[in-house]
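Everything on this sheet refers to the single structure shown next.
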C-alpha cells in the first residue's frame with residue numbers, strides 16, 4: 001500500500017522546455033476554468049496549492065483528495081465531457097466506483113522517477129497535465145489508461161506540505177543564550193552575533209524572502225545585504241537578488257510549535273548555529289549536520305501592533321463537518337384528568353459557540369492584534385456571516401461564548417398521560433476561508449500593508465433546533 005503525507009502539494013515531472021509549468025493549484029479567479037486544477041502556481045506556499053489526502057473507507061489502496069482552499073474533492077467535471085477535466089467541486093467523497101462522480105484515485109509510485117501517478121478509479125485513466133494551448137492548458141484531466149512514459153505529464157513529485165515552514169516577513173532570531181542575533185562588523189566583515197538583548201535594536205531586524213520552492217533568503221536590514229555562507233560563517237555581504245547561489249539559500253525546519261525553527265544552508269547542507277571559534281564569539285556558522293541546542297532559533301516579530309480588517313469571507317468555499325445531533329434540554333408534563341390539557345413547558349439549556357481566526361500560510365507570532373470581523377455561523381445547514389467582533393484578539397486563539405437560554409414549548413397532553421418533550425439540535429464545525437488586509441506597525445515606526453488570502457475561520461455552533469415529543473401513561 002502506497003504511503004502519502006496527509007497534506008501535500010504537487011509538481012509535475014513533465015518534460016517540456018517551451019511550457020511554463022508551476023505547482024498544481026486550485027483556480028480561484030472568476031473565469032471559465034474556475035474550480036479547475038492547473039499547474040500554474042508560482043510558489044508552493046500558497047493557500048491554493050495545499051491538498052489533503054484522505055484514505056478511502058472502502059479500499060485502503062485508494063484515496064480521496066480534498067482541495068484545502070475551497071474544501072471540495074477532486075472529481076470529473078461532468079458525466080458527458082469526453083476530455084475528462086478533473087476539478088475541485090465534489091462536496092463530499094463518493095466511493096461508489098460505478099458512478100461517474102466517484103472521487104477515488106489510486107496512487108501509483110514510479111520508483112525510477114521518484115514520483116506518483118494517480119489513476120481515476122471510475123474512468124481507469126491516469127490524471128495528467130493537459131498539453132493544449134487554450135484556457136484549459138496545464139489543467140489536470142484524466143487522460144490515458146496507460147502511463148505517459150514519453151512526456152511524463154502524468155507524473156507528480158509529491159511534497160509534504162507539513163514539512164514546509166512559512167517565515168514572517170520581518171523577524172528577529174533569539175539563540176539558546178537568550179540573546180538576539182544582531183548584525184556586527186567583526187574583523188572587517190558583516191558577521192551575525194548572538195549578542196543583543198533588545199528587540200528594538202536596529203541590528204536585529206531581518207527581512208525574509210520566500211522562494212517559489214519554499215526555501216528562504218534573508219537580508220540584514222542593518223547591512224542591507226543578504227546572508228551568505230563564507231566559508232561556513234554566515235555573513236551579510238551578498239547583493240545577488242537571484243536564487244541561483246545555494247550559499248544564500250536556507251531551508252527552514254519546524255522544531256517546536258510555530259516559533260522555533262532551524263535553518264539549513266543549501267551550500268553545505270549544514271544547519272546554522274551559535275558557534276564560538278577562530279576568535280569569534282557566539283557568531284552564526286553553518287556547522288552542524290543535525291539540529292542541536294545551539295541551532296534552535298526562536299523567532300519574534302519586530303512589530304509593535306497589528307490590525308486585521310477588510311475581512312471578506314467566502315461561504316461558498318466553506319466546509320461543514322463533524323455534525324452530531326444532541327439533546328439540549330428535556331421537560332415533561334403530566335395530565336391526570338379525564339380531559340386534554342394544554343401546558344407550557346419551560347426548557348433551559350447551555351448554548352456554547354466557539355470562534356477562531358487563523359491563517360493557513362503566514363505566521364503571526366504573538367503580536368498585539370486588533371481585528372474587525374463578522375462571525376460566520378452554520379444556519380440551516382449552510383454558512384452565514386452575522387454578528388460583528390471588533391477589539392483585541394490573540395491570533396489563532398479560540399474564543400468560546402457560553403450562555404444559558406430559555407425556551408417555552410406549548411403542548412397538549414391527552415388524559416391520563418405524561419408527555420416528554422426533548423429539544424434537539426445539531427452541533428457542527430465549519431471552516432471558512434477569507435481574505436483580509438493587514439497593517440503592521442514595526443518597532444522603528446514604519447507602517448507595512450499587506451493584502452492576504454490565506455485566512456481560515458474555525459467555528460462551532462448549534463443549529464437546526466427541533467422539538468421531539470414522546471408519550472407514556474401517567475403514573
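Numbering (UniProt numbering), first residue to last: 1 to 475. All residues carry an ideal CB built from backbone N, CA and C; glycine is no exception.
CB-CB length for residue i against residue j, believed under 8 angstroms
i	j	result
residue 349	residue 432	The Cβ separation is near 26 angstroms, so there is no contact.
residue 247	residue 265	7 angstroms
residue 383	residue 311	With 8 angstroms as the limit, residue 383 and residue 311 do not qualify as a contact, their Cβ atoms being about 14 angstroms apart.
residue 210	residue 166	7 angstroms
residue 295	residue 273	4 angstroms
residue 313	residue 385	5 angstroms
residue 112	residue 128	In fact, because the Cβ distance is near 17 angstroms, the residues do not count as touching under 8 angstroms.
residue 131	residue 121	Incorrect: roughly 24 angstroms between the Cβ atoms, too far for contact.
residue 363	residue 168	6 angstroms
residue 398	residue 356	4 angstroms
residue 297	residue 262	7 angstroms
residue 336	residue 429	Actually they do not touch by this definition, with Cβ atoms about 45 angstroms apart.
Residue environment, residue i, which counts as buried when at least 16 other CB atoms sit within 10 Å
i	result
residue 227	buried
residue 326	exposed
residue 175	buried
residue 153	buried
residue 99	exposed
residue 256	exposed
residue 381	exposed
residue 206	buried
residue 447	exposed
residue 96	exposed
residue 379	exposed
residue 126	buried
residue 369	buried
residue 20	exposed
residue 373	buried
residue 283	buried
residue 15	exposed
residue 425	buried
residue 219	buried
residue 317	buried
residue 223	buried
residue 158	buried
Same chain, Cβ closer than 6 angstroms to residue i, five either side skipped, listed in chain order
i	result
residue 331	345, 347, 421
residue 184	191, 193
residue 439	307, 449
residue 334	418, 474
residue 58	95
Reduced DSSP secondary structure (H/G/I, E/B, other) of residue i
i	result
residue 247	helix
residue 107	strand
residue 146	coil
residue 46	coil
residue 295	helix
residue 474	coil
residue 300	strand
residue 162	helix
residue 443	coil
residue 168	coil
residue 184	strand
residue 197	coil
residue 437	strand
residue 177	coil
residue 460	strand
residue 306	strand
residue 204	coil
Contacting residues, own chain, Cβ-Cβ under 8 angstroms from residue i (five flanking each side not counted)
i	result
residue 196	179, 180, 181, 182, 203, 204
residue 156	10, 11, 12, 13, 24, 115, 116, 117, 118
residue 249	211, 215, 216, 217, 243, 265, 266, 267
residue 7	50, 51, 52, 53, 68, 160, 161, 162
residue 90	72, 73, 74, 75, 101, 103
residue 315	376, 382, 383, 384, 385, 432
residue 270	232, 264, 286, 287, 288, 289
Own chain, CB closer than 7 angstroms to residue i, minus 5 neighbours either side, in chain order
i	result
residue 403	351
residue 199	172, 180, 300, 302, 443
residue 353	401, 460, 461
residue 139	33, 36, 37, 38, 85, 130
residue 55	63
residue 229	247, 265, 267, 268, 286
residue 48	25, 26, 28, 41, 69
residue 147	117, 126, 154
residue 276	282
*asked:* I'd like the ranges of any beta strand (DSSP E) spanning at least 3 consecutive residues and lying wholly in the segment 360-420.
replied: Segments of the beta strand (DSSP E) lying fully in the segment 360-420: 369-379, 382-392, 399-413.
*Starting from the N-terminal side, write out each stretch of the beta strand (DSSP E) that is 3 residues or longer and does not extend beyond the segment 315-359.*
Within the segment 315-359, the complete beta strand (DSSP E) runs of at least 3 residues are 319-335, 341-359.
_Suppose only complete runs of 4+ residues qualify. What are the alpha helix (DSSP H) ranges in the UniProt domain "Agglutinin" (2-160), listed by chain order?_
If you keep only unbroken alpha helix (DSSP H) runs of at least 4 residues inside the UniProt domain "Agglutinin" (2-160), you get nothing at all.
_Extract the residue ranges of the beta strand (DSSP E) inside the segment 208-290, only unbroken runs of 3 or more that lie entirely within it._
Runs of the beta strand (DSSP E) lying entirely within the segment 208-290, each at least 3 residues long, are 216-220, 225-229, 234-238, 250-256, 260-265, 271-277, 280-288 in chain order.
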